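Same order as they appear, the protein sequences are chains R and B. The first sequence begins at 3 in my numbering and counts up by one. The second sequence begins at 351 in my numbering and counts up by one. Every residue, glycine too, gets a C-beta built ideally from N, C-alpha and C. Predicted model only: the values in this text are computed from it and were never measured. Take a look at the structure below.
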Amino acid sequence: MTDPVITAKNLDLTFETNDGPVHALKDVSLDINKGEFVSFIGPSGCGKTTFLRCIAGLEQPTAGEISVNGMTPDEARRARAYGYVFQAAGLYPWRTIGRNVKLPLEIMGFSKAEQNERTRRVLELVDLAGFEKKFPWQLSGGMQQRASIARALAFDADILLMDEPFGALDEIVRDHLNEQLLKLWARTEKTIGFVTHSIPEAVYLSTKIVVMSPRPGRISDVIDSPLPRERPLDIRDSAEFIEIAHRVRDGLRAGHIDD
Amino acid sequence: MRTAFVTGCARGILMTRLNAIIPALTVVAVIVAFWTLCVIPMNAHLTADQAQRDGMVLTPEAPRDRQELSGLSLALKNPAIIPLTYVQTRPRLPSPHQVVQELYDTVIDKKITSKRSLVYHGWVTLSATLLGFVMGTTLGIMLAVGIVYSRTMDKSVMPWAITSQTIPILALAPMIIVMLGAIGIQGLFPKSIISAYLSFFPVVVGMVKGLRSPDAMQLDLLRTYGTNSNQGFWKLRLPSSIPYLFASLKIGISASLVGAIVGELPTGARAGFGARMLVGDQYGQPMVTWAALFAAAITAAMLVAILSVIERQTLRRMGMGAA
Ligand SMILES: Nc1ncnc2c1ncn2[C@@H]1O[C@H](COP(=O)(O)OP(=O)(O)OP(=O)(O)O)[C@@H](O)[C@H]1O
Ligand SMILES: [Mg+2]
């Protein structure tokens, strides 16, 4: 096994709110190796987003250690180590889809030609070729979310952090994007952290499934998937797949019974 | 590109007119009707005095007795004077058609080089307005950027900006004009200072709000790119603030015009809308005052309309015009 690119050790995070402290993460330890596809699944409010934000250096844990590529998350963020897809698309309304995708490229100083080339390529990847000149409000919610994925892919970071990127999409588009994402992952060997509410999606995509439970948010199960890296869509009907899905469901139930 | 912009403007104005024409005309009609009615009681006494000198028989006969009556009852007792209230040369309240006549004479008939042309006076006030507006807007934007990016400025500048607007401009304007006059600065510039003084404030308030309008996710997105604050300003904060800026500019330009006019009052300036208002007052020519008043109001409306068109064009080009 290679060295882990992301390690979290005994992570704790408490938000101080007006209604008193909210214990969002408790004693979270996890290693993510290079090239892994890790899904985070768990009920609403169990700290999935918070954990992803800790990895991204957008949130400071109150205790514990976390490192990304051997650096602190803050350093990794400044080194542009990852692309982040937020729970909502968050496109800038005054920029066309093409210029939204170019935003990180402009900031990182890519040449004009390179910007155009990359924008064309990633928009094609998310099936939005031809929508470059449209403004966000002219696109459906799902298309906007795909544009935000294209934006995160555009600068080719080694790590991709995605917070429920496909939550707003219909089943067919979701299947298609899942397939595309797997292909992209296989081809580029990116390390992916992926938050989802869907058990089939988590099992289909991941090499590692992290089941979380709420109040306080913690990891209740980590499942290393025995599925091969090469996964046609119909693998979802195999006995192996169903067995893993069962284990995830059991993990989620256990978290609920705890309450 | 330019022609496209110009035709776009023309279409914009046309659209505005079509959509706004009915309610706006209704309001104007109501105001003009009310005004027309008010002319009768307002001018009744001086009309009666004049009519009596011209040999008309009035009830009551004695001028002193007439003073006891209200304008309205005087007019009702002497219906014959009613038409005359509309054609006085020095009325207390000029009738609408007299003001329109005066506007026509001084805006269209007079050569614009004439000292009686309202176009000439308008340009004197407008140039001070525009210079002051540019100065005020520039200052306002700079202060807003400072306030948003520096905690110290946020704490120190904002209270002073608010305080500055609580000082009555009528008290301040003469001081500014006289002090600048004492060091040899006269004409356009002192008036512009007053315009700038009035117009920077809405720009500060609007721009601070606008520059702070990006939500947490939009800001976090830039953080994930390791963006520095300079890039954050140009790529996110400034574009987010544009709709707020235009709202402020529209308030600011009207305030600038008021400032320029107020700046013309205290020193008895010889040119400008303010000067015309004073002249009309001092020489008993109410039509001159009223024409200047209306010309100023029309100028303000046109300035705001021009800004609205630019606003619509800009927001449309930024993809925010559809909403
Ligand atoms: N900035 C914040 N301030 C205060 N409390 C917060 C903040 N962010 C999150 N929380 C709280 O922390 C807990 C975990 O939130 P988080 O957003 O990580 O949940 P989640 O697992 O992503 O939920 P969902 O599936 O609904 O997105 C919640 O109880 C939430 O209310
Ligand atoms: Mg979440």
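One thing to note: M567 of chain B has its Cβ no nearer than 8 Å to the Cβ of S591 of chain B. When the alpha-carbon of V449 of chain B is set against those of B:L520, B:I432, B:I462 and B:L468, the nearest one is in B:L468.
For H199 of chain R, there is no enclosing alpha helix (DSSP H), as DSSP marks it with neither H nor E. Remark: C-beta atoms of A641 of chain B and L453 of chain B approach each other more closely than 8 Å. Boundaries of the beta strand (DSSP E) harbouring S31 of chain R: G22 to N35, taken from the DSSP string.
For M668 of chain B, the chain R residues whose C-beta falls within less than 9 Å of its own C-beta are P95, W96, R97 and F137, listed in chain order. Its Cα nearest to that of R562 of chain B, the residue B:R587 stands out among B:R587, B:T435, B:I517 and B:L522.
According to the DSSP assignment, V450 of chain B belongs to the alpha helix (DSSP H) that extends over P446 to L453. Contact fails between the segment 650-661 of chain B and the segment 620-637 of chain B, because fewer than three Cβ pairs, one in each stretch, are under 8 Å apart. Measuring C-alpha to C-alpha distances from A149 of chain R to each of R:I109, R:K104 and R:N180 identifies R:K104 as the nearest. Closest in C-alpha terms to L424 of chain B, from the list B:A401, B:V437, B:M668 and B:Y633, comes B:A401.
Below the 9 Å Cβ cutoff, chain B contributes D565, M567, Q568, D570 and L571 as neighbours of G92 of chain R, in chain order.
Scanning the segment 437-500 of chain B from its first residue to its last, no whole beta strand (DSSP E) run of 3-plus residues comes out. Boundaries of the alpha helix (DSSP H) around S150 of chain R: G143 to L155.
G132 of chain R has its alpha-carbon roughly 59 Å from the corresponding atom of P446 of chain B. A straight line joining the alpha-carbon of R122 of chain R with that of L643 of chain B spans about 59 Å. Nearest to V495 of chain B by C-alpha distance, out of B:I533, B:V484 and B:V555, is B:V555.
Think of a sphere of 7 Å around the beta carbon of P106 of chain R: the chain B residues whose beta carbon falls inside it are Y575, in chain order. In terms of beta-carbon proximity, Q581 of chain B lines the interface with chain R, with at least one pair separated by less than 8 Å.
In the structure shown, the three-state DSSP call for R231 of chain R is coil.
Of the other Cβ atoms in all chains shown, 16 or more fall within 10 Å of the Cβ of L628 of chain B; this residue is therefore buried.
Shortest gap from the CB of G44 of chain R to any heavy atom of ligand 1: under 7 Å. For V87 of chain R, the enclosing beta strand (DSSP E) covers residues Y84 to V87. Bridge partners of K11 of chain R according to DSSP: R:E67.
Distances from the CB of A650 of chain B to the heavy atoms of ligand 1 are all 7 Å or more. About 5 Å separates the Cβ atoms of T475 of chain B and A610 of chain B, confirming a contact at the 8 Å cut-off. Within chain B, T574, Y575 and G576 have C-beta atoms less than 9 Å from the C-beta of R82 of chain R, given in sequence order. Within 8 Å of the CB of F88 of chain R, the CB atoms of chain B belong to M567, D570 and L571, in sequence order along the chain. For K585 of chain B, a Cβ of chain R is located within less than 8 Å of the residue's own Cβ. For V407 of chain B, there is no enclosing beta strand (DSSP E), since its DSSP letter is neither H nor E. Residue state for T193 of chain R is assigned as strand, using DSSP reduced to three classes. Taking a C-beta cut-off of 9 Å against chain R, the contacting residues of the segment 585-603 of chain B are K585, L586, P589, S590 and I592, listed in chain order. Judged by DSSP in its simplified three-state form, K210 of chain R adopts strand. In the three-state reduction of the DSSP assignment, M557 of chain B falls in the helix class, which pools H, G and I.
Looking from the CA of S658 of chain B, the closest CA among B:F539, B:L595 and B:A619 belongs to B:L595.
Apart from sequence neighbours up to five positions away, the residues of its chain that approach M503 of chain B with a beta-carbon distance below 8 Å are L493, G496 and I497, ordered along the chain.
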